[in-house]
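Worksheet: one structure, shown below.
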Amino acid sequence: MNTSGRKRILLTLLAANIVTSILHYVDNVVFFRHYPEPTWLSPHLVDMAWFVMTPFGVAGYLLFLRGRRTAAFACLYLYAVMGLLVLGHYLIAPPWQVSFKINLFILAEAIAALLLGVVTAGLQLRCHEPHP
1 MNTSGRKRIL LTLLAANIVT SILHYVDNVV FFRHYPEPTW LSPHLVDMAW
51 FVMTPFGVAG YLLFLRGRRT AAFACLYLYA VMGLLVLGHY LIAPPWQVSF
101 KINLFILAEA IAALLLGVVT AGLQLRCHEP HP
C-alpha cells in the first residue's frame, strides 16, 4: 500500500474513533445514571476524559503526516488504549445488565480503538521493513 493509502486508512480510523467516542461520551454524560460507573466518577470527569484523550489521536495522525513516526505511533497507541478503557464499564456491571444502546456505544468505541491499534502496529511494521 502506498503512503497516501496509509494516510487515508489512518484518517478513516481516527475519524471512526472520534465519532464513536463522541457518541459514547455524550450519551454517558447525558444518561450518566444509566451507566455502570465507579462511585468516584462524575459526568464532569467523563467529559474531561474525552478532551484529554482525543488530542492524542489527532496529534498521532498529524505526526504521521509529518514523518515523525516514533512519536506518531506512541500517540496512536496511547489513544487506542484509552479508547479500550471503555470496556471498564463491564468491570462494574456485566453487559446483560446494561441497555442495548449503552452496549452498542461501548462496543463500537472498543472495536474502533482495537482496529486503530492493529492498523497502527501494521503501519509500524511496514515503516521498519527494508526497502528493495
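According to our numbering, the sequence shown is numbered sequentially starting from 1. Heads up, the beta-carbon is just placed ideally off N, CA and C, and yes, glycines get one too. This one's a predicted model, so the numbers in the text were calculated from it and none came from an experiment.
- Distances from the alpha-carbon of L104 to those of A74, H89, V58 and F56 put H89 closest.
- Its chain contains A108, E109 and A112 as the residues whose beta carbon lies nearer than 6 Å to that of T20, once the 5 sequence neighbours on both sides are disregarded; these appear in chain order.
- No Cβ-Cβ contact shorter than 9 Å links I92 with W50.
- Separation of L116 and K101 (C-alpha to C-alpha, rounded to the nearest whole angstrom) is 23 Å.
- Nearest Cα to P38 within the set V58, L62, V86 and V52: V86.
- Positions of the beta strand (DSSP E) runs, each at least 3 residues long and wholly inside the segment 10–43, cannot be given because no such run exists.
- Non-local C-beta neighbours of L84 in its own chain, meaning closer than 7 Å and more than five positions away in sequence, comprise A110, A113 and L114, ordered along the chain.
- Rounded to the nearest angstrom, the gap between the Cα atoms of L63 and A72 is 5 Å.
- In this structure, A59 is the residue among R68, A59, P95 and G67 with its C-alpha nearest to the C-alpha of Y79.
- By the C-beta density criterion, M48 is exposed, having fewer than 16 other C-beta atoms within 10 angstroms.
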